[in-house]
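Protein chains in written order, with this note's numbering: chain F, 3 to 339; chain B, 3 to 339; chain G, 3 to 339; chain X, 3 to 339. Ideal Cβ placement from N, Cα and C applies to all residues, glycine included. Heads up, the thing below is written out as structure tokens.
Protein chains: 4
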Amino acid sequence: MKVRVAILGASGYTGLELLRLLLRHPQVEITALTTRRDESPHIAEVHPQLTGQLDLRLEKLSTAETAERADAVFACLPHAASAAVIAELMETDLKIVDLSADYRINDRATYENWYGVSHPDAGRLGKVPYGLPELYREAIQGAKLIANPGCYPTSAILALAPLLQAGMISAEGLVIDSKSGVSGAGRNPKPAFHFPECNESFSAYSVGTHRHMPEIDQVLSDSAGESLEVLFTPHLVPMDRGILSTCYAMPTSQTDSDTIHQVLADYYREEPFVEVVESPPATKQVTGTNRCHLSARVVRGRVIVVSVIDNLIKGASGAAVQNFNLMHGLEETTALI
Amino acid sequence: MKVRVAILGASGYTGLELLRLLLRHPQVEITALTTRRDESPHIAEVHPQLTGQLDLRLEKLSTAETAERADAVFACLPHAASAAVIAELMETDLKIVDLSADYRINDRATYENWYGVSHPDAGRLGKVPYGLPELYREAIQGAKLIANPGCYPTSAILALAPLLQAGMISAEGLVIDSKSGVSGAGRNPKPAFHFPECNESFSAYSVGTHRHMPEIDQVLSDSAGESLEVLFTPHLVPMDRGILSTCYAMPTSQTDSDTIHQVLADYYREEPFVEVVESPPATKQVTGTNRCHLSARVVRGRVIVVSVIDNLIKGASGAAVQNFNLMHGLEETTALI
Amino acid sequence: MKVRVAILGASGYTGLELLRLLLRHPQVEITALTTRRDESPHIAEVHPQLTGQLDLRLEKLSTAETAERADAVFACLPHAASAAVIAELMETDLKIVDLSADYRINDRATYENWYGVSHPDAGRLGKVPYGLPELYREAIQGAKLIANPGCYPTSAILALAPLLQAGMISAEGLVIDSKSGVSGAGRNPKPAFHFPECNESFSAYSVGTHRHMPEIDQVLSDSAGESLEVLFTPHLVPMDRGILSTCYAMPTSQTDSDTIHQVLADYYREEPFVEVVESPPATKQVTGTNRCHLSARVVRGRVIVVSVIDNLIKGASGAAVQNFNLMHGLEETTALI
Amino acid sequence: MKVRVAILGASGYTGLELLRLLLRHPQVEITALTTRRDESPHIAEVHPQLTGQLDLRLEKLSTAETAERADAVFACLPHAASAAVIAELMETDLKIVDLSADYRINDRATYENWYGVSHPDAGRLGKVPYGLPELYREAIQGAKLIANPGCYPTSAILALAPLLQAGMISAEGLVIDSKSGVSGAGRNPKPAFHFPECNESFSAYSVGTHRHMPEIDQVLSDSAGESLEVLFTPHLVPMDRGILSTCYAMPTSQTDSDTIHQVLADYYREEPFVEVVESPPATKQVTGTNRCHLSARVVRGRVIVVSVIDNLIKGASGAAVQNFNLMHGLEETTALI
């Protein structure tokens, strides 16, 4: 029997990517797509790529209607809006993957400070597994609600967590210089993402103020076993998709490239979606896949780890399906290979 | 003594390109920049590219104030808005280059039908020279007001007008298949020009309905000496700037590539900005310049002329400066080479 | 039981795309990858995208070795080289999809004239089905060898064949103005495809001389029931993948957009991969899929059909898998949705 | 009287950019273009962008011929080849700007170690001014030979040198994470720069091994007054031109964004080509110009300076013209604004 799936907020890029993946999932039936607007466009009007592939309209559904139509929900809603809806959905039998940031931050004050809003479901903070199976697979398997990670955090955490856990690098002075394709900014037209503005240009943005910084802090602190603060700088690359993070760290004792490579390779040996490779990777190696490629070097006494993911897949919708598979006891890689 | 220049509507891409060209013009002093909004941002806030190069703010100026501050005006306003302002400016001593479409169409009904608005200065239609020096240099030299051509029309007319004038090709059955970079769509963010929508994509648009079609009809009819209608199809190329038009025509008698090449080369022999080249040209050959490159072939009995221009320069701001130079008796190529 | 598949010449873009599709094919086991070079690199060295997904090396295999290792072959070899190998493979039990141009042209003189080589297996010309299921499904189903269509021809033929078959458009004066992403040029670095040369540029090439022109002639002549010659002009778009063809035709009698739309929609009603859509399509609508989107308009008495495909999938590897499925009696859409 | 200029090795991107700039230079006459090949193509065949603008052929010239034809030389030759030629040219009256790396490194062993060749003119090392006018204007003014800086070093040094000179940041632990457009890789087609390989992809390369690292070390050591070693990681951005460097440093005492901003602004107050701006800059702000935009932030106790330049202009040919102007006692900004 198939799992009936609803997607809340299906009109953006993560929604489209989820639909593409789920249409290939043999144990899934997509039964509802919601919108917060009053119009009910056919999904092929919203995503012409799906013409002839899915005959559903976007609908404005109540919690009860959603619960009746589906067994599981992917929530692709803006922050704060997401937790408001999920607080209600938690009263039903639905299993939920939340792709917003609402349940990623354990500390209410940190969330409210960085996101500038009051949390609509603050009581649940700290109790929702962070949906990075490579770190928290067991907690995900039994969960009813998962906080799907941010795209930048996924790329940075996969690069650094094993080295922090192994005590190979210092928790002090971590620098994460990240670069993302423009789809990470979402589908709403804004001046900064108007084609002739960002095409043929490369820029830094949100220097010191990006909301993914406390998320990275939190998860890497957990890996390090001590509270740490990273320096995270995001940049905009004139391409559709892909994130590359160049991570700089001080080793705790003298080391070399091979040793660091080996620690990472050992950590990810059984992982279906993480590869530790020799050459510095390009984002194109993982475009369209749920994979992360990592490469490490020791240069002038410091450790450099480069990681690449597809921001819309391993950084969003692919991870969401991976979590969905785990939550439902399905083969973890279904629809992802 | 320098010509004092005002730019009306300086915040778009044609405004920026005009400023870049005029900042290099030894006989020009830029004295005013206008906006129709209430804010008065510094030009470096609007165009960070100009930081440190021009110390002016955008201002909301009356006609009288503009006439006091400047000797000449470049109007980069939307259609209809432009003619409304220019009707007033014509009462002053200012010389005016209008970069909108308002004075390009000679026939009022055609204008109002294609642009869907009532013309605010219809009495002047048909009396304003069309600012393509390669066809109408004499009329431009004595003019007070010039209608600066559209970008697509410039590329198509330069390719076909000499062959029509020479009677080498039929006025019947002309097909103009044009491709433009995204800056041609202006600087206002819209879904179609959101980076992840149009990047890595190529599309046709406004098939059979683009407003440059009657403009091409009109000028090529003049060249042919008979009324003609072209089939014009624009397409969007994922790049900043450049237009390539592939033009298909029936020869009036049997001909070959060399003959057609020669007619074009003879026509443009003295022109400073048009080159007839052997190989099919790429838009990049003319990016950032006021030049047009043309190449012709006869294939299976039909004539194919390919033309390339930079849509923002020869297709807009460069042509405007070329017209300005002619109107003011300056060396035609000043600031353009 | 799975079909054991060998890919001859797996190091290019069509090879990579084939591998991606076949790795998802439940009835396929990839058992051999060949190269004509002496080195035997691991496939992950050739295509880092496949790291961790396929553990095979490229090998130099004889015909006998290939026949022993596989039940079916996809040949991604250069023209002439392909037919030389296939002539031998036809002596074995292998089923073969040839992605080269070698068996597409029925007439030996035409082939040798356009490709500039002697055909190594000329006796078979005219007896090999052209692998466009939308036109020749029955012939494909029983075949041992299929000539997989060229990318440009696929986009042009799907747009025009139904209208020619229905007698709606004239066989005279067809103009096909096509635009392709750069992957269509293959994986060998050449000056024209060096990033800073073709990025931010759009160009026409091979005007009147492209080898896909006689291929289009041949298939559309078959559809028209009379010998015809098209005017075909290819252009290079600064993007990875996608072809858009803008096709111009004279209707045989007065008609309108709805009528043309309907003829196309009726023709493709049962087709799993062709959609007739309302708005002029963008290549991005079909990127990464085996689909073709078509849109038609009648403008100023002439018919314009715009078609889009992914040149590497519906234009090459996807069509090859579709043909493979038909040849082996498998569900036609397997691995393609 | 004009300075007669020869360009050695005019067929690459720096050669093209030099020609564009020098064609606008009122005190320059371009009199010779050299090549090391036997063919003598017209410059318009090599750079179609220059059609109709410069009527010269590339020639194989001896030192004596060059000295006869020109008063000044720009050498755009590969490393080692450059110094071999310049060693001879130094015997003539020519003034020389060397755009290669040959005279940038003062220490012979360092040069030979990083460049892997024996230096053909090692005796001159350490005596040639480094052509960054913002740091070494006086030395440049009297010079006969200038070592034009590397593109990455220019972007990094302009960001960090004033802070090191002022003692605001530590010489320890500098991280320079740089991103460059593809034109920085030159005009020779290679697999890594084949359009479908690097388009829509972002990658790190030469991690810990890039030859610009010792060049940055050397100049920043000079600014710091002590020997230092930076961590420099270059990345490839899918765009034509532009470099952005994100530079991380430890302040020597507690500081804030405004203080750092002020030190930089004060340092560059009189500089015609460096602007210290508020918002993190985008490379597009300086594309096509000789300018550098800088922006600074203090985040979590560390200093981040972001700098942008056009790699072909301020990072190569524009700087070369700026140096040329200084060497010849011309207005420094001629042809550059």
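{"Query": "Since C249(G) and L162(G) should fall inside the 8 Å C-beta cutoff, what is the C-beta to C-beta distance between them, to a whole number of angstroms?", "Result": "5 Å"}
{"Query": "By the 8 Å beta-carbon criterion, what residues does the region 53–77 of chain B contribute toward chain X?", "Result": "T53, G54 and Q55"}
{"Query": "Thinking A168(G) and V301(G) are a contact (beta carbons under 8 Å), I'd like their distance in whole angstroms, please.", "Result": "A168(G) to V301(G), Cβ: 19 Å. No contact."}
{"Query": "Measuring alpha carbon to alpha carbon, tell me which residue in Q256(F), S157(F) and L10(F) is nearest A83(F).", "Result": "L10(F)"}
{"Query": "Please list, in chain order, the residues of the region 171–184 of chain G that have any C-beta partner in chain B closer than 7 Å.", "Result": "V177, D179 and K181"}
{"Query": "Can you tell me the Cα-Cα spacing of D312(G) and S297(G), whole angstroms?", "Result": "16 Å"}
{"Query": "State the CB to CB distance for the pair T156(G) and C78(G), rounded to an integer number of angstroms; the pair is presumed to be in contact (CB under 8 Å).", "Result": "Incorrect: roughly 16 Å between the Cβ atoms, too far for contact."}
{"Query": "Out of G188(X), L134(X) and L222(X), which one is the CA nearest neighbour of N327(X)?", "Result": "L134(X)"}
{"Query": "Quick one: using the 10 Å Cβ neighbour count with 16 as the cut-off for buried, is T285(X) buried or exposed?", "Result": "buried"}
{"Query": "Within 8 Å, do at least three Cβ pairs link the region 202–214 of chain G to the region 234–246 of chain G?", "Result": "yes"}
{"Query": "Give a yes or no on whether the minimum CB-CB distance between H49(F) and chain B is below 9 Å.", "Result": "no"}
{"Query": "List the residues of chain G that I306(B) touches, going by C-beta distances under 8 Å, in chain order.", "Result": "V209, G210, L233 and T235"}
{"Query": "Around the C-beta of S102(G), are 16 or more other C-beta atoms found within 10 angstroms, so that it is buried, or is it exposed?", "Result": "buried"}
{"Query": "Is A238(X) close to chain F, meaning its C-beta is less than 9 Å from at least one C-beta of that chain?", "Result": "In the sequence under discussion, the amino acid at residue 238(X) is Leu, which differs from the Ala named in the question. At least one chain F Cβ lies under 9 Å of L238(X)."}
{"Query": "Can you list, in chain order, the residues of its chain with a C-beta nearer than 8 Å to that of S180(X)? Leave out the 5 residues immediately preceding and following it.", "Result": "Y154, S157, A158, F234, T235, P236, H237, I245, L246, S247 and T248"}
{"Query": "Establish whether the CB of E199(F) and some CB of chain X are separated by less than 9 Å.", "Result": "yes"}
{"Query": "Output, in chain order, the set of chain B residues within a Cβ distance shorter than 8 Å of T248(G).", "Result": "D179, A206, T235 and H237"}
{"Query": "So is the beta-carbon of Q256(B) under 8 Å away from any non-hydrogen atom of the ligand ATP?", "Result": "The model depicted lacks the ligand ATP and carries no ligand whatsoever."}
{"Query": "Where are the beta strand (DSSP E) runs, 3 residues long or more, that stay fully inside the region 184–264 of chain B, in chain order?", "Result": "233–238 and 245–251"}
{"Query": "For chain B, is any of its Cβ atoms less than 9 Å away from the one on Q287(X)?", "Result": "yes"}
{"Query": "Which residues in chain F sit within 7 Å of E202(G), going by Cβ to Cβ distance?", "Result": "E202"}
{"Query": "Could you please give the first and the last residue of the uninterrupted beta strand (DSSP E) stretch that includes F76(F)?", "Result": "A74 to A77"}
{"Query": "How big is the Cα-Cα spacing for A72(X) and A12(B)?", "Result": "43 Å"}
{"Query": "Taking contact to mean 3 or more Cβ pairs, one atom from each stretch, closer than 8 Å, check whether the region 28–48 of chain G and the region 56–69 of chain G are in contact.", "Result": "yes"}
{"Query": "For Q256(B), which option in T289(B), R299(B), I32(B) and E277(B) has the closest C-alpha, if you only look at C-alpha atoms?", "Result": "R299(B)"}
{"Query": "Report buried or exposed for D258(B), applying the criterion of at least 16 other Cβ atoms within 10 angstroms of its Cβ.", "Result": "exposed"}
{"Query": "What would DSSP say about T289(X), mapped onto helix, strand or coil?", "Result": "coil"}
{"Query": "For a contact meaning CB atoms closer than 7 Å, what does D242(G) contact in chain X?", "Result": "P198, N201 and E202"}
{"Query": "Flag this pair as yes or no: are the beta carbons of L52(F) and A69(F) separated by less than 9 Å?", "Result": "no"}
{"Query": "For R189(B), go through chain F and note every residue whose CB falls closer than 9 Å to its CB, in chain order.", "Result": "P193, H196, P198 and E199"}
{"Query": "What does V279(G) touch in chain F if you count any residue whose Cβ is under 8 Å from its own?", "Result": "P50 and T53"}
{"Query": "DSSP three-state label for Y138(F), please.", "Result": "helix"}
{"Query": "Any Cβ of chain G within less than 9 Å of the Cβ of T156(F)?", "Result": "no"}
{"Query": "At a CB distance below 8 Å, what residues from the region 107–126 of chain X approach chain G? Give them in sequence order.", "Result": "none"}
{"Query": "Just to confirm the assignment: which complete alpha helix (DSSP H) runs, minimum length 4, are found wholly within the region 32–113 of chain G?", "Result": "45–48, 65–71 and 83–91"}
{"Query": "Measuring straight from C-alpha to C-alpha, what distance separates Y138(X) and I107(X)?", "Result": "15 Å"}
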